[in-house]
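Student:
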Amino acid sequence: MNQIKIPEHLTPCFEQAGRLHTYRPSEAIYLQGEIADGIYFIRKGRVRAYYITNTGKELTYEIIEKGRIFGESSFLSQCVRPVSVASVTDVELFVCDLEHLYSYMAESEELMKIMLQLLSNTCNHLTEQLRRVTLYDRYQKIASLLLHETKHPDRDRGVTASSIPYTQEDLALILGLNRVTVNKVLNEWKRNGIIAVAYGRITILKRKDLEELLTPPGTL
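Numbering (my numbering), first residue to last: 2 to 221.
Shown next, in the form of structure tokens:
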């Protein structure tokens with residue numbers, strides 16, 4: 002997914018409309034089901050948005066890094082948080098009051114467009130997540146994540162055009178798969194020269210092979 006970041010010249014809007022909060026790694030920022038009452042702008046660090054199932058299983062929705070905003074459910078009246086968010090690293094962020102932020106959006110057409118693009122991106126991301134969960138097998142789920150992440154390189158997240166900075170445990174958490182399952186798939190691809198695996202990084206060597214896993218039968 003193409004990540005939308007706030008241009009530096011617009012960051013004062015969030016700093017002036019918000020309150021600065023700091024978090025240590027693994028601290029909860031907000032929990033699923035809480036009242037959505039603010040937009041968050043990350044000045045430093047990374048956070049993880051995740052969904053908690055009825056059985057207590059955590060499914061990672063997205064890793065969000067500095068320069069980005071989250072908590073867009075606040076734009077909907079009387080809405081609750083659909084996911085929980087916790088810090089991954091040391092984090093500094095601004096919690097912005099919507100009424101204050103609206104005044105800046107009214108003054109800046111650029112900021113207004115960015116906020117609308119954010120909502121559109123969220124819808125697209127949810128569609129892709131739903132497709133993975135309901136339609137893909139284990140090979141397609143992993144291939145889809147690798148291809149989508151590397152399609153939009155991001156230096157802040159350590160994502161390149163051919164690699165992602167994730168461990169096998171990260172993939173299992175994000176995709177809702179068993180770690181052993183992820184390990185078996187990656188080892189199979191590694192033996193076939195499709196990917197290279199080092200701790201904390203997975204590199205695509207044969208992109209076409211992964212793309213073919215997602216190609217509908219009869220369209221080759």
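Quick reminder that beta carbons are idealized off the backbone N, C-alpha and C, glycines included.
For ALA50 versus VAL86, is the C-beta distance shorter than 8 Å?
Tutor: Within the sequence shown, residue 50 is the residue found at index 49, counting from 1. Within the sequence shown, residue 86 is the residue found at index 85, counting from 1. The Cβ atoms of ALA50 and VAL86 lie closer than 8 Å to each other.
Student: So which of ILE40, HIS149, GLN33, LEU206 has the shortest CA-CA distance to LEU119?
Tutor: As a first step, residue 119 must be located in the sequence shown, where it is residue number 118. Nearest C-alpha to LEU119: ILE40.
Student: Kindly provide the ranges of any alpha helix (DSSP H) runs that are 4 or more residues long and lie completely inside the stretch 152-215, ordered along the chain.
Tutor: 169-176, 180-192, 208-214
Student: What span of residues does the alpha helix (DSSP H) with HIS10 cover, start to end?
Tutor: Position 9 of the sequence shown, counted from the first residue, corresponds to residue 10. Unbroken run through HIS10: none, as it is neither H nor E.
Student: Which complete beta strand (DSSP E) runs does the stretch 16-92 hold, if anything under 3 residues is left out?
Tutor: As far as the stretch 16-92 is concerned, its whole beta strand (DSSP E) runs of at least 3 residues are 19-24, 29-31, 40-45, 47-53, 59-66, 85-88.
Student: Cα-Cα, which of VAL89, SER75, ARG82 is closest to ILE65?
Tutor: Position 64 of the sequence shown, counted from the start, is the residue given in the question as residue 65. Here the closest residue by C-alpha is VAL89.
Student: Which residues bound the alpha helix (DSSP H) around SER104?
Tutor: As a working note, residue 104 is residue 103 in the sequence shown. Taken as a continuous stretch (DSSP letters only), the alpha helix (DSSP H) holding SER104 covers 99-108.
Student: Whose C-beta lies closer than 7 Å to the C-beta of GLU150 among residues of the same chain, with five residues either side of it excluded?
Tutor: The count along the sequence shown starts at 1 and reaches residue 150 at position 149. If we look at GLU150 and ignore the five residues flanking it on each side, its Cβ neighbours are VAL160, ILE165.
Student: Which partner residues does LEU148 have in the DSSP bridge list?
Tutor: On the sequence shown, position 147 is the one that residue 148 refers to. DSSP output for LEU148 lists no bridge partner at all.
Student: Relative to the C-alpha of LEU99, which residue among VAL92, MET116, GLU110, VAL84 is closest?
Tutor: Along the sequence shown, one-based indexing puts residue 99 at 98. Nearest of VAL92, MET116, GLU110, VAL84 to LEU99, Cα basis: MET116.
Student: Go through its chain and collect everything with a Cβ distance to ILE196's Cβ below 7 Å, but skip five positions before and after it.
Tutor: For the purposes of this step, residue 196 is identified with residue 195 of the sequence shown, where counting begins at 1. LEU187, TRP190, ILE203, THR204, ILE205, LEU206.
Student: Roughly how far, in whole angstroms, is the beta-carbon of LYS6 from the beta-carbon of ARG69, given that I think they are within contact range, below 8 Å?
Tutor: Numbered from 1 along the sequence shown, position 5 holds the residue referred to as residue 6. Numbered from 1 along the sequence shown, position 68 holds the residue referred to as residue 69. So it is a contact: roughly 5 Å between Cβ atoms.
Student: Beta-carbon within less than 7 Å of VAL183's beta-carbon, same chain only, minus the 5 sequence neighbours each way: which residues are those?
Tutor: Taking the sequence shown and counting its residues from 1, the one referred to as residue 183 is at position 182. The answer, listed in chain order, is ILE143, GLN169, LEU172, ALA173.
Student: What residue from LEU211, THR128, GLY201 has the CA that sits closest to GLY194's CA?
Tutor: Along the sequence shown, one-based indexing puts residue 194 at 193. When only C-alpha atoms are compared, the closest one is LEU211.
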